[in-house]
Amino acid sequence: MDETMSGPKTNALVEGAPLVAESARTGRVPSPSESGTEEIFCKICYSFENPLGSEEDLISPCGCKGTIKYVHRHCLKIWRFKGKLIKDVKVCEQCFCEYQVDDEKKVSSSIVAVATVSIILSLLLATNLFVSSTADTLFFIANDISAVFSGGRIESLSFGAPVIVCNMASIVAERRQHSAPGSRYVIKKLTDCRGVDHFASVEKKDVYTLKNIHILGSQESGWFTTVTLLGLFYVLIFEQTTALLVNFMLVIWRVLSFGTAMDWALYAILTSYVYFRMFTALRQCMDIYCMYAINAY
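For the sequence shown, position 230 matches number 230 in the UniProt record's numbering, and the numbering has no gaps at all.
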């Protein structure tokens with residue numbers, strides 16, 4: 001019985017060998033009638049011929065084997081760019097291999113790298129603007145909280161009577177360690193109606209409250225604050241490694257507490273590693289989105 005069953009199989013393999021060789025040489029998948037089997041079909045539409053143009057354009061773009069090996073070009077494009085999430089368009093969901101389609105448009109790696117660097121620089125600029133516009137407010141709140149826990153009175157805090165500042169240019173110049181133009185600035189705490197009447201006569205453009213100094217950009221953020229906050233935000237939100245977060249915060253604490261050359265060297269190494277991981281993750285996303293943009297339509 002074994003010889004009887006093995007005979008037809010051997011003959012089928014021998015007879016089908018020329019067709020396999022021809023398929024490898026010409027790149028065309030043999031039809032079911034040529035190959036003597038009914039198992040060659042598109043794994044998406046389950047048809048041998050393309051349902052749109054009746055063309056025999058079956059390809060094998062990934063690492064799938066057996067009956068799910070072949071797919072029509074058009075069916076694959078519709079499935080990838082219309083039926084899947086954008087982040088999954090480059091990888092087969094069954095064999096997890098990256099699709100290799102000869103007529104597919106590709107984006108230059110240099111363009112993707114430049115776009116990724118531009119995004120990181122934009123994030124750094126946005127972080128700097130955010131810190132510059134909110135630093136004074138955060139400092140006021142932190143100082144008031146500290147004063148309350150230290151036994152201070154609420155009347156003496158920023159939430160008490162308002163403070164009027166005249167000649168704001170002098171304050172800004174002094175905080176930036178420049179020579180103060182014009183006369184010295186005047187600070188007066190409003191405690192009665194006469195003070196209100198007196199300062200109401202001052203032009204509005206020269207009257208500001210201390211709580212809104214940050215609107216003029218008097219509190220500037222340096223590169224250390226910007227780079228550290230953006231890196232820390234990325235590690236907290238997108239990295240799932242507790243050891244990386246703990247080590248990064250420990251290095252930041254050492255720089256702020258001691259600031260030795262060794263501390264700065266460790267900070268530079270760990271920050272470079274964090275930004276390298278950020279660059280790698282953003283580059284993968286940019287590569288996928290660029291490929292989707294030029295091939296979807």
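Positions of the beta carbon are idealized from the N, C-alpha and C atoms, including for glycine.
Whole-angstrom distance between residue 134 and residue 125, CA atom to CA atom: 14 Å
Less than 8 Å between the CB atoms is what I'm expecting for residue 52 and residue 74, so what's the real figure, rounded? 6 Å
So, are the CB atoms of residue 61 and residue 107 less than 8 Å apart? no
Between residue 268 and residue 238, is the Cβ-Cβ spacing less than 8 Å? no
If you count every other CB in all the chains shown that lies within 10 Å of the CB of residue 297, and 16 or more means buried, which is it? exposed
Limits of the unbroken alpha helix (DSSP H) element including residue 290: 261-295
How is residue 91 classed by DSSP in three states: helix, strand or coil? strand
Spatial neighbours of residue 64 within its chain, please: C-beta separation below 6 Å, excluding the five flanking residues on both sides. 94, 95
Less than 8 Å between the C-beta atoms of residue 283 and residue 137, yes or no? no
Buried versus exposed, by CB contacts within 10 Å (16 or more), residue 287: buried
Would you mind reading off the limits of the alpha helix (DSSP H) that contains residue 334? Nothing can be reported for residue 334, as the shown portion of the chain is limited to 1 through 297.
Can you give the Cα-Cα distance for residue 191 and residue 149, rounded to whole angstroms? Low confidence applies here, because residue 191 scores a pLDDT of 44, under 50, leaving its location unreliable; read the following figure in that light. Cα-Cα distance, rounded: 25 Å.
Using the beta-carbon count (16 or more within 10 Å), is residue 256 buried or exposed? exposed
Host alpha helix (DSSP H) of residue 247 (start-end): 242-257
Mapping DSSP to helix, strand and coil, what is residue 223? helix
beta-carbon residue 47 near the ligand ADP non-hydrogen atom, thresh 7 Å: This structure lacks the ligand ADP; in fact it carries no ligand of any kind.
Around the Cβ of residue 41, are there at least 16 other Cβ atoms within 10 angstroms (buried) or fewer (exposed)? buried
How big is the Cα-Cα spacing for residue 224 and residue 79? 46 Å
What does a CB cutoff of less than 7 Å around residue 226 pick up in its chain, not counting 5 residues either side in sequence? 124, 127, 128, 131
Determine the DSSP secondary structure at residue 59, reduced to helix, strand or coil. strand
Around the Cβ of residue 111, are there at least 16 other Cβ atoms within 10 angstroms (buried) or fewer (exposed)? exposed
Residues near residue 228 in its chain [Cβ-Cβ closer than 7 Å; skip 5 each side]: 252
Among 103, 249, 145, which residue has its Cα nearest to the Cα of residue 274? 249
So if DSSP puts residue 39 in a beta bridge, which residue, or which two residues, is it bridged to? Beta-bridge pairing links residue 39 to no other residue.
Can the beta-carbon of residue 86 be found less than 8 Å from the beta-carbon of residue 278? no
Look up residue 98 in the DSSP assignment and give the residues it is bridged to. 91
Which same chain residues end up closer than 6 Å to residue 232 when comparing Cβ atoms and leaving out the 5 residues on each side of it in sequence? none
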